[in-house]
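Going down the list, the protein sequences come from chains A and B.
Quick note: to get our numbering, add 36 to the position in the first sequence (first position is 1).
Quick note: to get our numbering, add 44 to the position in the second sequence (first position is 1).
See below for the structure under consideration.
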Amino acid sequence: FQTFEGDLKWHHHDITYWVQNYSEDLPRGVIDDAFARAFALWSAVTPLTFTQVYPQDVKDLKDVDIVIQFGYKEHGDGYPFDGKDGLLAHAFPPGPGIQGDAHFDDDELWSLGKGVVVPTRFGNADGAACHFPFTFEGRSYTACTADGRSDGMLWCSTTADYDTDHKFGFCPSERLYTQNGNADGKPCEFPFTFEGRSYSACTTDGRSDGQLWCATTASYDQDRLYGFCPTRADSTVTGGNSPGKMCTFPFVFLGQEYSTCIREGRRDGRLWCSTTSNFDRDKKWGFCPDQGYSLFLVAAHEFGHALGLDHTSVPEALMYPMYRFTEEHPLHEDDVKGIQHLYGPRAEPEPRPPTTTAPEPQPTAPPTVCLTVPPTVRPSERPTTGPTGPPSAGPTGPPTAGPSEAPTASPSEAPTVPLDPADDACNVYIFDAIAEIRDHLHFFKNGRYWRLSEGRGRRAQGPFLISDTWPKLPPKLDSAFEDPLTKKVFFFSGRQVWVYTGASALGPRRLDKLGLGPQVDHVTGVLPRGEGKALLFSRQRFWRFDVKTQTVDPESVASVDQMFPGVPLNTHDIFQYRDKAYFCQDRFFWRVNSRNEVNQVDQVGYVTFDLLQCP
Amino acid sequence: APRPRQPTFVVFPGDQQTNLTDLQLAEDYLYRYGYTHVAEMNREKTSLGRALRRLQQNLALPETGELDNATLEAMRAPRCGVPDLGS
Numbered sequence: 037f038q039t040f041e042g043d044l045k046w047h048h049h050d051i052t053y054w055v056q057n058y059s060e061d062l063p064r065g066v067i068d069d070a071f072a073r074a075f076a077l078w079s080a081v082t083p084l085t086f087t088q089v090y091p092q093d094v095k096d097l098k099d100v101d102i103v104i105q106f107g108y109k110e111h112g113d114g115y116p117f118d119g120k121d122g123l124l125a126h127a128f129p130p131g132p133g134i135q136g137d138a139h140f141d142d143d144e145l146w147s148l149g150k151g152v153v154v155p156t157r158f159g160n161a162d163g164a165a166c167h168f169p170f171t172f173e174g175r176s177y178t179a180c181t182a183d184g185r186s187d188g189m190l191w192c193s194t195t196a197d198y199d200t201d202h203k204f205g206f207c208p209s210e211r212l213y214t215q216n217g218n219a220d221g222k223p224c225e226f227p228f229t230f231e232g233r234s235y236s237a238c239t240t241d242g243r244s245d246g247q248l249w250c251a252t253t254a255s256y257d258q259d260r261l262y263g264f265c266p267t268r269a270d271s272t273v274t275g276g277n278s279p280g281k282m283c284t285f286p287f288v289f290l291g292q293e294y295s296t297c298i299r300e301g302r303r304d305g306r307l308w309c310s311t312t313s314n315f316d317r318d319k320k321w322g323f324c325p326d327q328g329y330s331l332f333l334v335a336a337h338e339f340g341h342a343l344g345l346d347h348t349s350v351p352e353a354l355m356y357p358m359y360r361f362t363e364e365h366p367l368h369e370d371d372v373k374g375i376q377h378l379y380g381p382r383a384e385p386e387p388r389p390p391t392t393t394a395p396e397p398q399p400t401a402p403p404t405v406c407l408t409v410p411p412t413v414r415p416s417e418r419p420t421t422g423p424t425g426p427p428s429a430g431p432t433g434p435p436t437a438g439p440s441e442a443p444t445a446s447p448s449e450a451p452t453v454p455l456d457p458a459d460d461a462c463n464v465y466i467f468d469a470i471a472e473i474r475d476h477l478h479f480f481k482n483g484r485y486w487r488l489s490e491g492r493g494r495r496a497q498g499p500f501l502i503s504d505t506w507p508k509l510p511p512k513l514d515s516a517f518e519d520p521l522t523k524k525v526f527f528f529s530g531r532q533v534w535v536y537t538g539a540s541a542l543g544p545r546r547l548d549k550l551g552l553g554p555q556v557d558h559v560t561g562v563l564p565r566g567e568g569k570a571l572l573f574s575r576q577r578f579w580r581f582d583v584k585t586q587t588v589d590p591e592s593v594a595s596v597d598q599m600f601p602g603v604p605l606n607t608h609d610i611f612q613y614r615d616k617a618y619f620c621q622d623r624f625f626w627r628v629n630s631r632n633e634v635n636q637v638d639q640v641g642y643v644t645f646d647l648l649q650c651p
Numbered sequence: 045a046p047r048p049r050q051p052t053f054v055v056f057p058g059d060q061q062t063n064l065t066d067l068q069l070a071e072d073y074l075y076r077y078g079y080t081h082v083a084e085m086n087r088e089k090t091s092l093g094r095a096l097r098r099l100q101q102n103l104a105l106p107e108t109g110e111l112d113n114a115t116l117e118a119m120r121a122p123r124c125g126v127p128d129l130g131s
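This is how it looks when you write it as structure tokens:
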């Protein structure tokens, strides 16, 4: 190991550091975390402690020991950076002023060493970052995409294989939210007017710092409400001659049109793209995102300098001058010897991790349009609109309690509080069928059913035996539907249907009688459409159904996601309840309201928690 | 039989690194990281030899004193900007 001439070192142990600015490549939280972990490597083997400070906590920023900064080319210290790659960062040995500071070249793509880090919002992956590449419908994606969606919203898979795992989230996009500014994170409003001119995309106009912004109302001139547009790290170029810009696809290069990043024209085989539609004409370009450099590893190395270590010639050591990505613990024996030569070993007991003096940074406020996750989030696997669904209006609060009339007739001897857990509806993972019959929601499972009492303190009553109430029915049902007009109740199981009018039953009859072909192997559910009309669903298709003639119109077949965007495609039960349609998949439901002919998912929730009101 | 298309290489505006020759890259690197003190070197390779040998020693590369491929590759690798030698 080497130290700087004269063994330059800090003469106190409680070191403070300030992150003066942030790269757009990574979420701020990830940057703060990378720096904290880098400092923790050194505090683990020395008596040093590291505390992140913020301008509002210190009297004079000059008193901060280590100032961390991102910059381009000449960034004020007379040691210019060199564009993408090559020189990544540098730092100064301990001492006052610029001494001890660490600078990072923002022409690099900062990541965690394994490609861009794109945080997601909403979806069903709890904000996990995108996984690139990922496959969707057999195709590989290395950036966010709107494929599979009709609303153009950008999404990504948070695992390598969306087709298998169905884990996804929405990518940063100004249509989803904005950052900072004064509009509480509301999404952009396009078009908006600024100084009388109309803008239909984010702009840097009016700013000297080049940050892309937008208005969150139709007129910035009038309302003065704005926010910054989130960075699309997955398709923003680095280096070249237009860093920070996004690839423009398709673009023309040497007369050919390209819709992806290419290696053509380069000897070094690196991927690049044009940032305008015509490179031949405009000559504007940049490098496409690659694995990037691990901010954690580079920071750990630079902080070694900031503490007094110079470069070593041990290739495996952290203080070796060349960048090398590793997922192992980066400190080498040579590094430990060096730093302990300056500060001695860590005194027992366990070291304290770096502390921050400010409260946790607040997550950006969710947009008023809650796409998928209601404000009060239950256990993390709460699902949301799948890639086939649009963003939709947020939930309007819990379902309102129904009228408080007395429950209608039912086998009164049913215990109200089940003694045997198997009798407890809250223990049922997935119900066979759910239907509103006589204004009460019925939950069917394996020959038994529960009836939701309405009014204050809604509770599931039961279980009752299906055979006691509907003797002809089999124990296993696929779906049930009560026609609000005639009060006839249809029960479906496999390719059979029963129709109960009061206590009298017609069936079983084959689905062929309803005009359904042999390829329809079961009925997922029926939704009433008024005046004796309904929609009959089977898997991803549905038909118009005439309740009076009890037949479907074969010509009317359509696919579910056309009319009901936002619901999962593999729904296993569909029913109507209080004028809203419910699409169930696994333990969850997607509630669709049909305000002014537009079907929109307005709530996603648990069948047991949100419908059955289980504790 | 169709002949493979000859690749066309383009000089990309603002792309400093690909526009340098190997010698220019070496001179710039040796000066930037403290192995030579005078940026303008005469172009005799031998005068680079001593600096190259010191670089190779410092970076645990084979010490040939030549601008060989391993050394050029090391010079093109991403690295820290703090000079290896000098204050």
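Cβ atoms here follow ideal geometry from the backbone N, Cα and C, with glycine treated the same way.
Just so it is clear, the structure is predicted and the values come from calculations on it, not from any experiment.
Start and end residues, alpha helix (DSSP H) containing residue i
i                      : result
residue 92 of chain A  : Here residue 92 of chain A belongs to no alpha helix (DSSP H), and DSSP marks it neither H nor E.
residue 78 of chain A  : 64-79
residue 584 of chain A : No alpha helix (DSSP H) holds residue 584 of chain A; DSSP gives it neither H nor E.
residue 339 of chain A : 331-343
residue 277 of chain A : Element bounds for residue 277 of chain A: n/a, residue is neither H nor E.
residue 315 of chain A : 315-318
Buried/exposed call for residue i, threshold 16 Cβ in 10 Å
i                      : result
residue 341 of chain A : buried
residue 365 of chain A : exposed
residue 648 of chain A : buried
residue 348 of chain A : buried
residue 549 of chain A : exposed
residue 465 of chain A : exposed
residue 119 of chain B : buried
residue 609 of chain A : buried
residue 359 of chain A : buried
residue 634 of chain A : exposed
Sequence-distant residues of its chain with Cβ nearer than 7 Å to residue i (five each side left out)
i                      : result
residue 53 of chain B  : none
residue 73 of chain A  : 332
residue 66 of chain B  : 111 and 116
residue 135 of chain A : 128 and 129
residue 241 of chain A : 230
residue 387 of chain A : Only weak support is given to the placement of residue 387 of chain A: the predicted model assigns it a pLDDT of 48, under 50, and the value that follows is read from those uncertain coordinates. So the qualifying residues of the chain are 79 and 80.
residue 247 of chain A : 240 and 264
residue 103 of chain A : 54, 56 and 137
Proximal residues to residue i (C-beta, below 8 Å), its chain only, five neighbours per side dropped
i                      : result
residue 254 of chain A : 225, 227, 228 and 229
residue 217 of chain A : 249, 252, 261, 262, 263 and 264
residue 243 of chain A : 249
residue 81 of chain A  : 367, 372, 375, 376, 381 and 382
residue 480 of chain A : 467, 468, 469, 470, 471, 502, 513 and 516
Nonlocal neighbours in the same chain, by C-beta distance under 6 Å from residue i, ignoring five residues either side
i                      : result
residue 152 of chain A : 269, 270 and 325
residue 658 of chain A : It is not possible to answer for residue 658 of chain A, since the shown part of chain A is limited to 37 through 651.
residue 50 of chain A  : 85
residue 259 of chain A : 253
residue 562 of chain A : 517, 570 and 572
Span of the beta strand (DSSP E), counted from its first residue to its last, around residue i
i                      : result
residue 322 of chain A : 321-323
residue 609 of chain A : 609-613
residue 1 of chain A   : Residue 1 of chain A lies beyond the residue range present for chain A, which begins at 37 and ends at 651; the question has no answer from this structure.
residue 498 of chain A : 496-501
residue 629 of chain A : 624-629
residue 67 of chain B  : Run containing residue 67 of chain B: none in the beta strand (DSSP E); it sits in the alpha helix (DSSP H), 66-76.
residue 133 of chain A : No beta strand (DSSP E) holds residue 133 of chain A; DSSP gives it neither H nor E.
Near the ligand HEM: residue i beta-carbon under 7 Å from a heavy atom
i                     : result
residue 80 of chain B : In terms of ligand content, the structure shown is empty, and the ligand HEM therefore cannot be addressed.
Practice prompt. Could you tell me whether the stretch 223-241 of chain A touches the stretch 191-200 of chain A, where touching means 3 or more Cβ pairs closer than 8 Å?
Written response: Judged by Cβ distances under 8 Å, the stretch 223-241 of chain A makes no contact with the stretch 191-200 of chain A, as fewer than three pairs qualify.
Item to complete: Using a Cβ-Cβ cut-off of less than 7 Å, give me the residues of the stretch 268-291 of chain A that come near chain B, in sequence order.
Response: The stretch 268-291 of chain A vs chain B, Cβ under 7 Å: 276, 277 and 290.
Worksheet item: Going along the stretch 119-133 of chain A in order, which residues come within less than 7 Å of chain B, judged by CB to CB distance?
Response: Within the stretch 119-133 of chain A, the residues whose Cβ lies closer than 7 Å to some Cβ of chain B are 119, 121, 122, 123, 124, 125, 126 and 127, listed in chain order.
Worksheet item: Between the stretch 313-329 of chain A and the stretch 92-99 of chain A, do at least 3 Cβ pairs fall closer than 8 Å?
Response: Under the three-pair Cβ rule at 8 Å, the stretch 313-329 of chain A does not count as touching the stretch 92-99 of chain A.
Fill in: the stretch 104-118 of chain A / the stretch 130-140 of chain A touching (three or more Cβ pairs under 8 Å)
Enough Cβ pairs lie closer than 8 Å, so yes.
Worksheet item: At a Cβ cut of 9 Å, what residues of the stretch 98-114 of chain B count as close to chain A, listed as they run along the chain?
Response: Of all residues in the stretch 98-114 of chain B, those with a C-beta nearer than 9 Å to a C-beta of chain A are 101, 102, 103 and 104, reading in chain order.
Worksheet entry | the stretch 474-487 of chain A touching the stretch 501-517 of chain A, judged by at least three CB pairs closer than 8 Å | Contact annotation: the stretch 474-487 of chain A touches the stretch 501-517 of chain A, with at least three C-beta pairs closer than 8 Å.
Discussion item. I want to know whether the stretch 286-298 of chain A touches the stretch 156-171 of chain A - three or more CB-CB distances under 8 Å.
Written reply: At 8 Å Cβ cutoff, the stretches do not touch.
Discussion item. Taking beta-carbon pairs under 9 Å, can you tell me which members of the stretch 44-55 of chain A lie near chain D?
Written reply: Although the question refers to chain D, the structure presented lacks it and instead comprises the protein chains A and B.
Worksheet item: Looking at C-beta atoms only, is the number of pairs between the stretch 536-543 of chain A and the stretch 554-565 of chain A that lie closer than 8 Å three or more?
Response: No, the stretch 536-543 of chain A is not in contact with the stretch 554-565 of chain A.
Worksheet entry | Contact the stretch 55-71 of chain A vs the stretch 104-112 of chain A: 3+ CB pairs below 8 Å | In short, these stretches touch, since the Cβ pair count reaches three.
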